[in-house]
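Protein chains: 4
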Amino acid sequence: MLTFESDYTTGCCPEILEALTRTNYEFASGYGADKYCQSAEQKIKEVCKRPDAQVEFICGGTQTNQVVISSLLQRYEGVIAAKTGHISCHEAGAIEYTGHKVFELPQVMGKLRASDIESFVEVFNKADAKEHMVYPGMVYISHPTEYGTLYTLNELKSISDVCHKYNMPLFMDGARLGYGLMSRQTDVKITDIAELCDVFYIGGTKVGALCGEAVVFTHGNRPAHFMTMKKQNGALLAKGRLLGVQFDTLFTDDLYFKIARHAIDMAEKLKAIMEKAGIPFFLESPTNQQFVVLENSRIEKLSQSVGFEKWEIVDEDHTAVRFATSWSTTEEDLTTLQKLLQSN
Amino acid sequence: MLTFESDYTTGCCPEILEALTRTNYEFASGYGADKYCQSAEQKIKEVCKRPDAQVEFICGGTQTNQVVISSLLQRYEGVIAAKTGHISCHEAGAIEYTGHKVFELPQVMGKLRASDIESFVEVFNKADAKEHMVYPGMVYISHPTEYGTLYTLNELKSISDVCHKYNMPLFMDGARLGYGLMSRQTDVKITDIAELCDVFYIGGTKVGALCGEAVVFTHGNRPAHFMTMKKQNGALLAKGRLLGVQFDTLFTDDLYFKIARHAIDMAEKLKAIMEKAGIPFFLESPTNQQFVVLENSRIEKLSQSVGFEKWEIVDEDHTAVRFATSWSTTEEDLTTLQKLLQSN
Amino acid sequence: MLTFESDYTTGCCPEILEALTRTNYEFASGYGADKYCQSAEQKIKEVCKRPDAQVEFICGGTQTNQVVISSLLQRYEGVIAAKTGHISCHEAGAIEYTGHKVFELPQVMGKLRASDIESFVEVFNKADAKEHMVYPGMVYISHPTEYGTLYTLNELKSISDVCHKYNMPLFMDGARLGYGLMSRQTDVKITDIAELCDVFYIGGTKVGALCGEAVVFTHGNRPAHFMTMKKQNGALLAKGRLLGVQFDTLFTDDLYFKIARHAIDMAEKLKAIMEKAGIPFFLESPTNQQFVVLENSRIEKLSQSVGFEKWEIVDEDHTAVRFATSWSTTEEDLTTLQKLLQSN
Amino acid sequence: MLTFESDYTTGCCPEILEALTRTNYEFASGYGADKYCQSAEQKIKEVCKRPDAQVEFICGGTQTNQVVISSLLQRYEGVIAAKTGHISCHEAGAIEYTGHKVFELPQVMGKLRASDIESFVEVFNKADAKEHMVYPGMVYISHPTEYGTLYTLNELKSISDVCHKYNMPLFMDGARLGYGLMSRQTDVKITDIAELCDVFYIGGTKVGALCGEAVVFTHGNRPAHFMTMKKQNGALLAKGRLLGVQFDTLFTDDLYFKIARHAIDMAEKLKAIMEKAGIPFFLESPTNQQFVVLENSRIEKLSQSVGFEKWEIVDEDHTAVRFATSWSTTEEDLTTLQKLLQSN
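Residue numbers (our numbering), protein chains in the order written: chain A, 263 to 606; chain B, 263 to 606; chain C, 263 to 606; chain D, 263 to 606.
Written as structure tokens, this is what we have:
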């Protein structure tokens with residue numbers, strides 16, 4: 263059975279398992295104070311070219327969003343996000359659970375627009391009853407977005423400008439950051455992100471790790487007592503080495519970028535296969551998630567031999583579905599898929 | 263350098279790494295719906311002899327306490343715990359962060375007494391202003407406790423009786439459960455726990471896993487929408503397989519019990535070495551954590567060649583320290599320690 | 263200086279002050295257990311024709327919304343409201359502060375549509391990743407709305423039907439309920455509301471009281487331990503008599519309805535004056551809040567002799583403003599206003 | 263029937279009703295921006311001799327504690343209080359509901375000791391695992407305490423010194439402050455409190471008002487956006503005048519102090535009556551709450567003609583009960599009580 267459901271349905275890239283095995287008997291301090299976390303932090307700072315950055319490791323994406331947002335906001339503030347943002351709709355209200363509102367703004371291809379953010383904050387600033395309202399306290403974007411799309415460098419700069427004009431930190435959810443950086447259609451580099459965002463995270467879980475996300479506070483702006491707040495959110499791992507070793511490995515010899523590049527290569531081939539098969543795209547995605555529209559009857563047949571995910575109902579007879587590639591997708595998988603599409 | 267700081271300073275037992283490697287390329291559904299989680303659940307239910315149990319896997323201990331307690335309590339209820347309970351003092355207020363009070367009751371050797379629980383609830387029940395007070399809604403105990411001590415079967419039965427007399431679920435924090443079960447001085451079996459507690463967890467992180475705790479709702483009493491509440495707490499892992507594979511391995515061929523037994527064997531030898539060296543015990547612990555009293559000057563010298571943890575100031579010149587054994591402690595470690603104690 | 267800013271800028275109707283004075287030296291139990299609260303409850307139940315109703319008194323509107331919503335929702339649930347609903351935008355995130363999401367749905371003249379609620383819930387129910395989402399747990403409407411508009415009986419029935427089809431309680435914010443009930447353009451009676459809603463409140467603060475809202479759980483559905491949850495929200499008044507005496511007075515000899523009717527009569531006259539003066543309405547409101555569009559220069563002059571509230575920017579030169587009537591608005595006020603409009 | 267149950271069982275002092283009546287038809291801005299709130303603030307600042315103080319009015323005591331504490335603490339901090347403090351045991355967990363731990367320290371006659379606070383903070387500061395613990399962020403005391411007792415000026419100074427040594431604001435719950443200030447056995451003046459505390463409140467509800475507490479931030483230290491946080495807690499009254507007029511009246515011609523003095527005079531007479539009747543005191547209280555020990559059989563008989571409150575079980579046959587005086591207690595009440603005690 264072929265698997266294109268998602269980028270988290272196989273284990274991790276073998277280098278990580280090797281590193282875990284190699285370091286297994288070594289002593290390491292708990293709670294993130296080990297040398298692997300330190301080394302990984304150092305490497306990430308170098309990749310970002312931000313010597314003043316601070317890096318924190320957290321187990322999963324929702325947890326990261328929850329810890330970062332709730333530790334950066336004042337209690338009377340909320341976070342701006344796209345209506346389709348992960349925190350808006352797919353995290354079971356984890357942000358609200360910590361007491362904060364998510365302001366849901368319109369999205370275009372999964373992206374926020376700088377002008378919408380600015381209008382929103384301006385309306386707030388001009389409101390007579392401002393004291394009765396939640397203050398916009400930060401902006402959350404995902405890159406790639408939940409639709410696999412990417413901000414251009416100009417878009418990112420505009421958003422960053424608006425954020426800083428209004429003193430709101432800009433936070434980028436990079437659960438799939440690798441695929442964004444290695445896309446063939448992007449002009450955004452990790453150094454741009456580290457310059458334009460106040461905090462972002464480098465997703466591990468969905469880019470070849472077993473678990474883990476590396477949060478980067480880009481300019482010494484990690485909130486005081488962040489470790490205690492992590493603990494308070496249940497997000498402090500006793501064996502912090504598990505995250506340290508993984509990220510140290512991912513940022514050795516550009517492994518993170520190589521596996522993301524591989525997934526992008528596979529996605530481009532998958533795209534070509536779909537095109538050749540005359541299958542229409544639901545939207546144009548430059549990353550490892552590809553969205554196509556299939557007839558429901560075809561979906562039924564196809565699902566017997568290949569895994570993919572239903573995304574959105576298009577009409578009575580058609581559904582948008584997602585095919586995702588990952589570090590473990592092979593050329594053979596694609597060849598098999600191509601054949602399946604021909605006969606199904 | 264010898265390491266006796268804790269039971270989470272080395273990696274995991276090799277069988278787990280092998281299993282992760284063996285299953286790495288297999289497809290597995292996300293979010294805990296994979297076959298390894300299912301198989302691990304089945305094995306745990308069998309070990310507990312509770313076909314009606316439900317098992318959930320969560321990454322770490324504080325997170326588990328937070329998710330379980332906040333999902334079982336009504337919003338007007340609090341949880342009873344020993345003053346020295348982990349949730350009372352070493353989880354950065356993770357329970358209060360979810361809106362609930364921790365009632366801190368006196369402890370004897372780290373343990374709650376059934377009679378104290380009963381008195382507390384009785385005083386509450388007789389209070390005139392009950393509606394102005396937090397309702398006692400559940401009882402939290404740790405086994406082994408934070409001092410390495412254990413409840414006897416009778417103590418556990420009494421607490422369970424009190425809890426059920428007053429309709430309060432009993433929750434056991436088993437972060438180090440294996441060591442409790444394999445202690446040479448216990449009459450409490452896992453089946454007793456599964457019978458007497460409403461929910462407990464089998465600690466993985468501190469008993470040979472990389473991470474992970476297995477929560478057992480013992481009689482079909484998992485709260486509705488538990489998965490959503492896990493997500494809301496940031497505690498739902500995308501690659502749930504990481505926890506499934508580990509627990510499936512730990513509960514294959516009694517591995518969990520074997521490694522815990524090994525740590526206990528090592529702790530007993532360590533105890534004998536301490537006794538022989540004339541070092542007084544801070545308290546009598548039947549599990550893998552041993553607490554002894556050392557002169558401060560000796561601590562300084564000893565720390566240069568062996569890692570252990572300062573626990574509590576005893577007097578100006580003495581400090582209680584903790585030596586912990588684990589799956590990775592070797593006979594050689596102990597021999598070296600013995601020599602170090604002779605010369606330091 | 264004339265005052266049309268709002269319906270809370272004068273004190274209370276004189277009957278309330280008389281009743282407070284008359285009962286001042288009487289003993290009354292604290293925390294809502296006094297005979298005035300009981301009598302007020304009884305009278306409200308009679309007016310609603312719901313012998314199975316339960317009535318609770320709370321000091322203010324935001325507090326009422328916070329207590330009611332947070333005590334009715336499960337922790338994994340959120341509340342559906344119009345984007346312009348008071349809880350969505352003018353309560354400083356009081357609902358999110360208790361951990362719950364407000365789902366903001368589109369509004370038409372400040373109102374939710376049954377069909378939008380149904381679509382929203384249907385999309386949720388069909389979602390594959392439902393467990394990762396906040397569950398829609400109740401519906402909040404305001405009547406009159408924040409724009410002074412009213413639901414028709416049919417609209418209310420449809421919303422009630424949708425709510426009950428999906429097992430969501432329907433909660434009506436009646437901060438200005440009196441004006442809704444006494445409007446000349448409504449077919450909704452308080453008995454309809456008591457039949458169609460699961461819980462609603464009869465606003466006192468904005469309808470002639472000093473403070474206070476009467477929450478009606480319409481069919482014995484007050485959550486268990488509601489008093490404790492009130493206390494937990496800081497919403498339990500020691501001198502509960504303050505609320506009891508006021509509502510007992512308001513529901514004696516139909517006072518509540520009479521003062522609301524008076525405000526409506528004044529609003530209708532105000533409307534006629536505006537029309538005669540050729541001032542365009544911003545929207546058609548059948549209640550005590552009237553929204554008109556004025557030139558900014560005129561606003562400036564007019565504000566020197568009459569108080570009203572800026573509502574929304576219409577264009578560069580025009581602003582929508584609100585004129586509100588209340589129990590204390592007099593015919594003379596209107597005559598003076600008319601003259602002012604002629605000369606300004 | 264005589265009433266000594268509490269100081270909140272009659273209405274308010276007549277001057278307040280007169281003021282409410284006198285100002286009833288006047289226009290006043292909403293939400294605390296009216297001239298009465300401003301005038302009351304000014305008068306309170308003068309009484310406190312703190313021109314840099316800021317005064318906020320809130321409806322009730324629990325609400326005040328909730329708003330003040332949750333707005334002053336960082337999210338990783340908790341509040342220190344006596345085990346018998348109101349926030350510890352009689353506010354339904356209102357503090358924990360906002361996410362913060364209440365550290366319950368031992369009490370002596372309802373009071374915290376500076377040395378206990380210092381020890382507690384010192385143990386925290388020396389803890390190795392400090393980052394895993396809740397940070398002590400402020401200190402809460404009540405004056406008079408829940409037992410009617412009072413801090414001496416020296417005790418208050420010591421506590422204030424400890425608080426400021428460790429950078430923790432000192433917050434005094436003055437729900438019954440008037441009685442403390444007018445006690446015949448106190449050396450603490452309101453100016454001392456305003457100098458030694460960072461924030462305190464002047465209780466209205468229990469000292470002659472219908473409702474309301476005046477929070478004094480003593481040195482310009484009101485948290486930014488306090489109004490929004492009040493709103494977020496549901497504690498912002500639309501008709502803020504209700505609080506403004508009351509406190510303006512209470513602080514005109516020393517009314518607040520006069521009515522408190524009256525209650526103290528009545529309490530002293532009550533004390534003498536009890537002594538003469540040979541009734542033992544449960545504890546020595548210098549304020550308006552007097553605690554005596556009665557035989558249970560006598561309690562039963564006495565309760566038929568006089569209201570008082572059961573406080574604590576002393577032994578099988580005896581119970582401690584509370585008699586409270588207030589602004590409305592009369593000499594006649596006491597004469598009648600004396601007679602009742604002679605015949606019961």
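Ideal Cβ placement from N, Cα and C applies to all residues, glycine included. Please read all numbers here as calculations on a predicted model, not as lab measurements.
One thing to note: arginine 503/D has its Cβ no nearer than 7 angstroms to the Cβ of aspartate 269/D. For lysine 493/B, the chain C residues whose Cβ falls inside 8 angstroms of its Cβ are Glu393, His394, in order along the chain. Neighbours of alanine 356/D across chain C, judged by C-beta separation under 9 angstroms: Lys493, Gln494, Asn495, Gly496.
Neighbours of cysteine 351/D in chain B, taken as residues whose beta carbon is under 7 angstroms from its own, are Met395 in chain order. Any Cβ of chain D closer than 7 angstroms to the Cβ of threonine 490/A would place that residue at the interface, and such an atom is present. Burial is judged here by how many other beta carbons sit within 10 angstroms of a residue's own beta carbon; glycine 440/C has at least 16 and is buried. Taking all protein chains in view, the Cβ of lysine 538/C is surrounded by fewer than 16 other Cβ atoms within 10 Å, so the residue is classified as exposed. Between methionine 491/B and glutamate 393/C, the C-beta spacing is not below 7 angstroms.
With the rule of 3 Cβ pairs closer than 8 angstroms, the region 342 to 349 of chain C does not count as touching the region 503 to 519 of chain C. For alanine 376/D, not one C-beta of chain C is nearer than 7 angstroms to its own C-beta. Glutamine 316/A and phenylalanine 462/A do not touch by the CB rule: their CB atoms are close to 12 angstroms apart, not below 8 angstroms.
Nearest Cα to methionine 536/C within the set Lys501/C, Lys572/C, Leu602/C: Leu602/C. At a beta-carbon threshold of 8 angstroms, none of the residues of chain B lie near arginine 484/C; the nearest stands roughly 13 angstroms away. Between arginine 438/D and lysine 468/D, the alpha-carbon positions lie close to 6 angstroms from each other. Residue state for methionine 491/C is assigned as helix, using DSSP reduced to three classes. Ranked by Cα distance from glycine 482/C, the options Lys501/C, Cys473/C, Asp460/C are led by Asp460/C. The secondary-structure analysis by DSSP pairs proline 398/B across a beta bridge with Gly340/B.
Fully contained in the region 423 to 490 of chain C are the following beta strand (DSSP E) runs of length 3 or more, in chain order: 432 to 435, 461 to 465, 475 to 479. Per DSSP, the continuous alpha helix (DSSP H) segment holding arginine 560/A begins and ends at 558 to 564. Taking alanine 582/C as the centre and dropping the five residues before and after it, the same chain places the C-beta of Phe544, Phe553, Val555, Trp573, Glu574, Val576 closer than 6 angstroms to its C-beta, in chain order. Close CB contacts of glutamine 369/C within its chain, under the 6 angstroms cut and outside five residues either way in sequence, are with Ala344, Lys345, Thr346 (chain order). The beta carbon of cysteine 351/A sits closer than 8 angstroms to the beta carbons of Lys345 from its chain, once the five residues preceding and following it are set aside; these are given in chain order.
Each of Leu335/C, Arg484/C, Ser291/C was checked against the Cα of phenylalanine 570/D, and the nearest Cα belongs to Ser291/C. For the pair alanine 522/D and methionine 444/D, the Cα-to-Cα distance works out to about 6 angstroms. Within the same chain, and ignoring the five residues on either side of tyrosine 409/A in sequence, the residues whose Cβ sits closer than 8 angstroms to its Cβ are Thr346, Met371, Gly372, Leu545, Ser547, Gln551, Phe553. For leucine 512/B, the enclosing alpha helix (DSSP H) begins and ends at 503 to 512.
Residue contact check for histidine 362/C against chain B: no CB pair falls below 7 angstroms. The C-alpha of alanine 534/D lies about 16 angstroms from the C-alpha of phenylalanine 266/D. Nearest neighbour of isoleucine 455/B by Cα position, chosen from Asp579/B, Ser381/B, Leu418/B, turns out to be Leu418/B. Around the CB of lysine 563/D, fewer than 16 other CB atoms lie within 10 Å, so the residue is classed as exposed. The contact set of threonine 272/D on chain C, defined by CB atoms closer than 8 angstroms, consists of Asn286, Tyr287, Glu288, Phe289, Ala290 in chain order. Cβ-Cβ separation between tyrosine 338/D and glutamine 494/A: approximately 6 angstroms, consistent with a contact (criterion under 8 angstroms).
Using a CB distance cut-off of 7 angstroms, tyrosine 359/C does not count as an interface residue toward chain B. Taking the C-beta atoms as reference points, leucine 472/A is found no nearer than 7 angstroms to lysine 311/B. Closest option to glycine 442/C, judged by alpha-carbon separation, among Cys274/C, Asp527/C, Ala391/C: Asp527/C. With its beta carbon less than 7 angstroms from one in chain D, tyrosine 338/A belongs to the interface.
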